[in-house]
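Protein chains in written order, with numbering that gives the first Met the number 0: chain E, 0 to 154; chain V, 0 to 272.
We put the beta carbon where it would ideally sit given N, CA and C, even for glycine.
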Amino acid sequence: MPDETAVIAPVALLQNYLLVGGLLFVLGLVGFLCRRNMIIMFLAVELMLQGVSVSLVGWGRYHNDWGGQALTIFILTVAACEAAIALALIMTLYRASGKLDIAVWQQEREASQPAYVDQELPEPPPEVDKHWPQLTPSGIEPEIPASETIYRSHV
Amino acid sequence: MIAPLFAADVASQSPSWVASHAQQIQIALGALLAALALWLILPRASQRGRILGGVLGIVSLGLFAAQFPRLGDWLDDSMFVVLATLTVLAAAAAMTFRNPVYCAIWFALALLGTAGLFFFQGAQFLGVATVVVYAGAILVTFLFVLMLANPKGEAYYDRVSWEAWISAPAAAVMVAVLTVSLSQNVAAAPPAPQSQADLDRNILAPQHMAHLGKHLFSEYLIAVEVAGTLLLVGLVGAVAIVAADKELPGRAGATPASFTTDLGESGAGGRHA
Chain E
0 MPDETAVIAP VALLQNYLLV GGLLFVLGLV GFLCRRNMII MFLAVELMLQ GVSVSLVGWG
60 RYHNDWGGQA LTIFILTVAA CEAAIALALI MTLYRASGKL DIAVWQQERE ASQPAYVDQE
120 LPEPPPEVDK HWPQLTPSGI EPEIPASETI YRSHV
Chain V
0 MIAPLFAADV ASQSPSWVAS HAQQIQIALG ALLAALALWL ILPRASQRGR ILGGVLGIVS
60 LGLFAAQFPR LGDWLDDSMF VVLATLTVLA AAAAMTFRNP VYCAIWFALA LLGTAGLFFF
120 QGAQFLGVAT VVVYAGAILV TFLFVLMLAN PKGEAYYDRV SWEAWISAPA AAVMVAVLTV
180 SLSQNVAAAP PAPQSQADLD RNILAPQHMA HLGKHLFSEY LIAVEVAGTL LLVGLVGAVA
240 IVAADKELPG RAGATPASFT TDLGESGAGG RHA
């Protein structure tokens, strides 16, 4: 029994880890290809990197080698750099267009490519009115500047 | 190879054919269900069928998982199954929720599951580093950007996705191909020559950090230096991108066409000249 597990278990462990890594990678791929929000697209890229890391660690255990874990540490480093650059770019693009939508930038496409036209969607259901707790006012109510009411809708 | 089998007498062939191809049938069924589930739960114009999609996804995960060998010990098995299911389901939720804040939080859960998988595999340092670096730093930065961007409610672009009916089946087929090749080729490959003593000496050694550090700073020393430089370059690059953006006149309403700031000029101190 101990001999059997020593031989069989590593293969089983490797297969299971490779399947999980593949699933994570594919989910990230679908997320990157399908979603239109730039932040979610970059979350999808991070998910793909996670899938690769899981399979690398599995291979490292299987071959009894530290290379898998070392490479995963470098993947972590590259992912941190990539996140910093990507978020800076997202902030820049968001400031330029006011949207996180990647489809805004289709005007950068080649001249021969047709434009993507948004389909009509039914309006989302209206938000249910939330009842915020009210405190009994005491003293003089301060005047709220108009510029503050723009982003403090609930106050 | 399948077509002649079908062309033959199905009545007499089918029981043995089904029995001998049970694995292929299971994988094909799992891929079909996975594609349908992924298409159902991705953001579409209508919200109907999301629960059905979730149930189908879990069933297809079970079909895939049934292909794979057990680890031998029921405790190992159950721990792995719990961690793997948590990771994959959280990842699927992170890719399919409409609100980006929920996506980020589900992604954090997927990262925690991955860290658990790393611990399970004997990679303690990587598990801790994943929690600290990913969930602690990168994800919080994502949430900061989300707060700055302040998405109000459900924007149009969060409620639709690009052509999910192409990419979901493609992804399911990719997983099916991976599963088949894994369950046949890796299982057929000779196992790595190792015993429990070998493992204890090397990758499962008690002094995990000492071994990892020894390898990292001897074999991979140059790579470590390059990675440090890369971090510095990334830092400077991110600052340069945002600083260059600040010089745009009227940046809130600027059209993308006017977005041609010369980075070299501003980097050379053009602002202070």
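For a Cβ distance threshold of 8 Å, residue set Tyr155, Val159 of chain V lies close to E/Asp117, ordered along the chain. Interface residue (Cβ-Cβ distance to chain E less than 8 Å): V/Ile57 is not classified as such. Straight through space, the alpha carbons of V/Val225 and V/Leu231 are spaced by roughly 10 Å. DSSP links E/Asp100 through a beta bridge to E/Asn36.
Inter-residue distance for V/Val127 and E/Glu109 is about 45 Å (C-alpha atoms, whole angstroms).
DSSP, reduced to helix, strand and coil, places E/Ile143 outside both helices and strands of the structure shown, so it counts as coil.
Taking the Cβ atoms as the reference, V/Phe96 lies roughly 6 Å from V/Trp105, within the contact range of under 8 Å. When secondary structure is reduced to three states using DSSP, E/Asp128 falls in the coil class, being assigned neither helix nor strand.
When rounded, the separation of the alpha-carbon atoms in E/Ala78 and E/Ala87 is 14 Å.
Counting only Cβ-Cβ distances below 8 Å, E/Leu134 has no contacts in chain V at all, with the closest Cβ about 26 Å away.
Proximity of E/Met47 to chain V, defined by a Cβ-Cβ separation below 8 Å, is not satisfied. Exposed is the label assigned to V/Ser15, since fewer than 16 other Cβ atoms lie within 10 Å of its Cβ. With 16 or more other Cβ atoms inside 10 Å of its own Cβ, V/Leu62 counts as buried. The beta-carbon separation of V/Ala30 and V/Ala167, rounded to 11 Å, does not stay under the 8 Å limit for a contact. Beta-carbon to beta-carbon, V/Ala163 and V/Leu41 are separated by about 4 Å, close enough to satisfy the 8 Å threshold.
A check of alpha carbon separations from E/Val10 across V/Ala27, V/Val54, V/Leu70 identifies V/Leu70 as the nearest. When the beta-carbon positions are compared, E/Ala145 and V/Tyr219 stay at least 8 Å from each other. Per the C-alpha coordinates, the member of E/Gln106, E/Leu55, E/Phe41 positioned closest to E/Ala114 is E/Gln106. Secondary structure at E/Gln105: helix, using DSSP grouped into helix, strand and coil. Think of a sphere of 8 Å around the beta carbon of V/Thr228: no beta carbon from chain E falls inside it, the nearest being about 10 Å out. Using a Cβ distance threshold of 8 Å, V/Gln66 and V/Gln23 do not count as a contacting pair. Neighbours of E/Val56 in chain V, taken as residues at a C-beta separation under 7 Å, are given in chain order as Phe117, Gln120, Ala122, Leu125. Taking the Cα positions, E/Gly97 is about 53 Å away from V/Pro205. At a cut-off of 8 Å, the C-beta of E/Trp65 has a neighbouring C-beta in chain V. Residue burial is scored here from C-beta neighbours: V/Ile50 has fewer than 16 other C-beta atoms within 10 angstroms and is therefore classed as exposed.
Rounded to the nearest whole angstrom, the C-alpha separation of E/Leu12 and V/Gln120 is 9 Å. Straight-line spacing of the CA atoms in E/Ala43 and E/Phe31 works out to 5 Å. Close to chain E, meaning a Cβ-Cβ distance shorter than 9 Å, are the following residues of the region 202-221 of chain V: Ile202, Leu203, His210, Leu211, Lys213, His214, Leu215, Glu218, Tyr219. Of all residues in the region 16-38 of chain E, only Tyr16, Leu17, Leu18, Val19, Gly21, Leu22, Leu23, Val25, Leu26, Gly27, Leu28, Val29, Gly30, Leu32, Cys33, Arg34, Arg35, Asn36, Ile38 place a beta-carbon less than 8 Å from a beta-carbon of chain V.
Excluding residues up to 5 positions away in sequence, Gly50, Val53, Ser54 lie with their Cβ nearer than 6 Å to the Cβ of E/Gly20 in the same chain. Contact note: V/Ser77 does not reach chain E at a C-beta cutoff of 9 Å; the least C-beta distance is about 13 Å. By the Cβ neighbour-count rule, E/Ile139 is exposed, with fewer than 16 other Cβ atoms within 10 Å of its own.
Excluding residues up to 5 positions away in sequence, nothing lies with its Cβ nearer than 6 Å to the Cβ of V/Ala169 in the same chain. Between V/Ala237 and E/Ala83, the CB-CB gap stays under 8 Å.
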